[in-house]
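Trainee: To convert, note that position 19 of the sequence shown is 18 in numbering that gives the first Met the number 0; the numbers rise steadily by one, no gaps. Where a beta carbon is used, it is the ideal one built from N, C-alpha and C, also for glycine. Here's a structure for you.
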Amino acid sequence: MINISDTALDRIKSTLAEQENPDLFLRVGVNPGGCSGFSYAMGFDDQESDRDVFMEVSGLKVVVDKSDLRYLNGLKIDFEETGMSGGFTIDNPNAIASCGCGQSFKMRDEEGRPEVCE
């Protein structure tokens with residue numbers, strides 16, 4: 000299960016409403032790489048596959064590839080305003096370490112592909 004704060008939901012839904020494709024949904028995933036070994040992937044998609052798991056979070060369709068579920072179960076997505084900008088933050092209870100940017104994490108039993116952050 001993925002949890003999304005009300006602030007993040009509002010931001011995601013308003014961005015979705017601006018798109019001209021009513022079939023779009025939020026896709027959340029994991030890619031090998033990043034400072035700590037794995038990096039988060041989050042974006043809009045309209046292509047579904049038989050490898051996808053679907054969930055609804057407060058009326059928002061969220062899709063995760065089955066192979067990424069073990070990395071993302073319990074994930075919390077928030078949106079924080081900071082001064083004149085803002086951004087999404089991710090809290091992952093499965094990660095044993097995260098890099099300073101918050102977009103990369105390390106798992107206990109898997110190293111991923113750590114890269115040097117620039």
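Taking C-beta to C-beta, are Asn93 and Lys75 nearer than 9 Å?
Mentor: Cβ distance not < 9 Å, so Asn93 and Lys75 don't count as in contact.
Trainee: With H, G and I counted as helix, E and B as strand and the rest as coil, what does DSSP make of Glu55?
Mentor: Note: Glu55 maps to strand in three-state DSSP.
Trainee: Mapping the DSSP letters down to three states, classify Asp9 as helix, strand or coil.
Mentor: Asp9 falls in the helix class under three-state DSSP.
Trainee: For the beta strand (DSSP E) containing Leu25, list its first residue and its last residue.
Mentor: Element bounds for Leu25: 24-31.
Trainee: Pop quiz: Phe24 and Val63 are said to be a contact at Cβ under 8 Å. What is the actual Cβ separation, rounded to whole angstroms?
Mentor: Not a contact, Cβ separation roughly 11 Å.
Trainee: If you draw a straight line from the alpha carbon of Ala40 to that of Gly82, how long is it in whole angstroms?
Mentor: Distance between the alpha carbons of Ala40 and Gly82 is about 25 Å.
Trainee: Where DSSP assigns a beta bridge to Gly42, which residues make up the other side?
Mentor: Per DSSP, Arg26.
Trainee: Figure out for me which residue from Val52, Glu79, Arg69 has the closest Cα to the Cα of Arg26.
Mentor: Checking every option, the nearest Cα to that of Arg26 belongs to Val52.
Trainee: List the whole-angstrom C-beta distance separating Met54 from Ile1, where the pair is believed to meet the contact cut-off of C-beta under 8 Å.
Mentor: Right, the Cβ-Cβ distance comes to about 7 Å (below 8 Å), so this counts as a contact.
Trainee: Between which two residues does the beta strand (DSSP E) carrying Ser84 extend?
Mentor: 84-90 is the span of the beta strand (DSSP E), which, as asked, contains Ser84.
Trainee: Look at the alpha carbon of Asp45 and the alpha carbon of Ala16, and state the distance between them as a whole number of angstroms.
Mentor: Rounded to whole angstroms, Asp45 to Ala16 spans 14 Å at the Cα level.
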